[in-house]
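At position 220 of the sequence shown the residue is numbered 248 (the working numbering), and the sequence of numbers has no breaks. Even for Gly, the Cβ is constructed at its ideal location relative to N, Cα and C.
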Amino acid sequence: MRILERGEQEGYRYQWRVLRRSPLGQSDRHLASAAGSSLEFREHREYLPGDDLRYLDWSATARSDRLLVKVFEQELHPYLELILDGSRSMDVPGSEKGRAALGLAALLAAAAESSGFAVRAWALCENWQELGSTSVSPAEWQFPGFTGRISGGQVFAQEMPRWRPRSVRVLISDLFWSEDPLPIVGQLTWQAALAVLVQVVAQVDVAPTVRGQVRLVDVETGQQRDVVVNDMALRRYQEAFGRHQEQWQRACRQAGAILVQIVAEDFVRDWTPWPLLRAEILQLGKA
29 MRILERGEQE GYRYQWRVLR RSPLGQSDRH LASAAGSSLE FREHREYLPG
79 DDLRYLDWSA TARSDRLLVK VFEQELHPYL ELILDGSRSM DVPGSEKGRA
129 ALGLAALLAA AAESSGFAVR AWALCENWQE LGSTSVSPAE WQFPGFTGRI
179 SGGQVFAQEM PRWRPRSVRV LISDLFWSED PLPIVGQLTW QAALAVLVQV
229 VAQVDVAPTV RGQVRLVDVE TGQQRDVVVN DMALRRYQEA FGRHQEQWQR
279 ACRQAGAILV QIVAEDFVRD WTPWPLLRAE ILQLGKA
């Protein structure tokens with residue numbers, strides 16, 4: 029079975045659970061099962077801690093003696109913008125990173141559709157490439173492969189697509205980018221209802237076991253370097269990896285995004301997105 033087909037098939041088992049607190053001030057609540065696109069006012073609901081005070085309706089509050097906020101159509105009708113890193117570092121030979129990232133993208137899109145979302149998917153190769161929308165099944169996406177020779181961070185610096193205000197935005201990447209994370213995460217969270225960064229890494233990224241004389245090859249630039257890998261070199265790698273992770277974690281905290289890490293080999297073992305379930309981003313759908 030093709031990876032996109034497998035991911036889509038698995039995705040219909042799940043639903044998106046809640047919109048968490050976001051830069052727009054939305055609080056935890058269940059998503060509606062519908063699709064729409066306007067900011068037209070639709071109804072009221074009771075104020076929840078963290079809601080944007082600009083949307084308090086004082087007239088309605090005075091009539092009901094309860095704090096009420098305005099609910100707009102896009103808040104009821106969620107929209108997913110899904111971004112998949114298509115750089116060559118995502119498909120390192122000997123790892124499951126590429127299969128996991130591609131299958132996870134299809135899974136999240138299918139889960140969104142089963143939750144009533146409209147969906148639009150993008151690939152970050154050497155530019156922004158639209159993979160498909162709600163009218164296109166994830167299994168039918170025209171994914172060009174992990175062919176990008178520049179990092180996704182560089183692609184973010186190019187002209188951005190116009191994202192829908194209050195959309196849910198998900199970036200799937202190993203995040204092995206040298207660019208400053210904060211502007212990137214800031215772009216994802218700007219006017220978003222929710223922003224999630226799913227870091228897909230290979231087991232060897234987290235805990236390398238190689239020893240001795242090795243040749244390192246940058247899969248994006250082709251540059252090569254001969255090095256001796258010993259305990260000291262591995263310790264320096266782990267320290268650098270930890271600093272890199274902390275930069276992304278700090279950027280997500282500052283911008284109001286959620287960062288989740290998935291180890292590719294663990295995910296493809298049974299195609300269950302355990303970290304996303306534990307983070308309460310996804311839940312099993314109703315039978």
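DSSP, reduced to helix, strand and coil, places Ala149 within a strand of the structure shown. Between the segment 116 to 130 and the segment 82 to 93, the count of Cβ pairs shorter than 8 Å is below three; the stretches do not touch.
Sixteen is the threshold: when 16 or more other Cβ atoms of the shown chains lie within 10 Å of the Cβ of Ser115, as they do, the residue is buried. In the displayed model, Gln277 falls within a helix according to three-state DSSP.
Restricting attention to Asp298, Ile290 and Ser195, the CA atom closest to the CA of Ala307 is found in Ile290. Per DSSP, the unbroken alpha helix (DSSP H) holding Glu293 starts and ends at Ala292 to Asp298. Ala140 and Val242 have their C-alpha atoms some 43 Å from each other. Between Glu36 and Arg94, the alpha-carbon positions lie close to 43 Å from each other. Taking a C-beta distance under 8 Å as the contact criterion, Leu310 and Val198 do not qualify as a contact pair. One thing to note: Ile31 has its Cβ no nearer than 8 Å to the Cβ of Arg177.
For Ile200, the closest alpha carbon among the candidates Leu304, Ser92, Tyr42 and Glu38 is that of Leu304. Per DSSP, reduced to three states, the secondary structure at Ser142 is helical. For the pair Ala149 and Gln227, the Cα-to-Cα distance works out to about 17 Å. Beyond the five residues adjoining it in sequence on each side, Ala261 comes within less than 8 Å, by CB distance, of Val255 in the same chain, given in chain order. In terms of CA proximity to Ser142, Glu38 leads the group Ser195, Glu38 and Arg264.
For Ser87, no beta strand (DSSP E) encloses it; the enclosing alpha helix (DSSP H) starts and ends at Trp86 to Ser92.
Counted as a single uninterrupted DSSP element, the beta strand (DSSP E) harbouring Ile200 occupies residues Val196 to Ser201. By the Cβ neighbour-count rule, Pro189 is exposed, with fewer than 16 other Cβ atoms within 10 Å of its own. Between the beta-carbon of Ser179 and that of Glu207 there is about 7 Å, and that keeps the pair under the 8 Å contact cut.
Contiguous beta strand (DSSP E) elements confined to the segment 209 to 272 occur at 222 to 229, 240 to 245 and 252 to 257, taking only those with 3 or more residues.
Listed in chain order, the non-local C-beta contacts of Asp113 below 6 Å within the same chain comprise Leu152, Gly180 and Ser201, local neighbours out to five positions each way being set aside. When the Cα atoms are used, Gln282 and Gln275 turn out to be separated by approximately 11 Å.
Just so you know, the alpha carbons of Leu244 and Ser123 end up roughly 15 Å apart.
For the set Pro301, Asn258 and Ala235, the Cα lying nearest the Cα of Gly270 is the one of Ala235. Burial is judged here by how many other beta carbons sit within 10 angstroms of a residue's own beta carbon; Leu110 has at least 16 and is buried.
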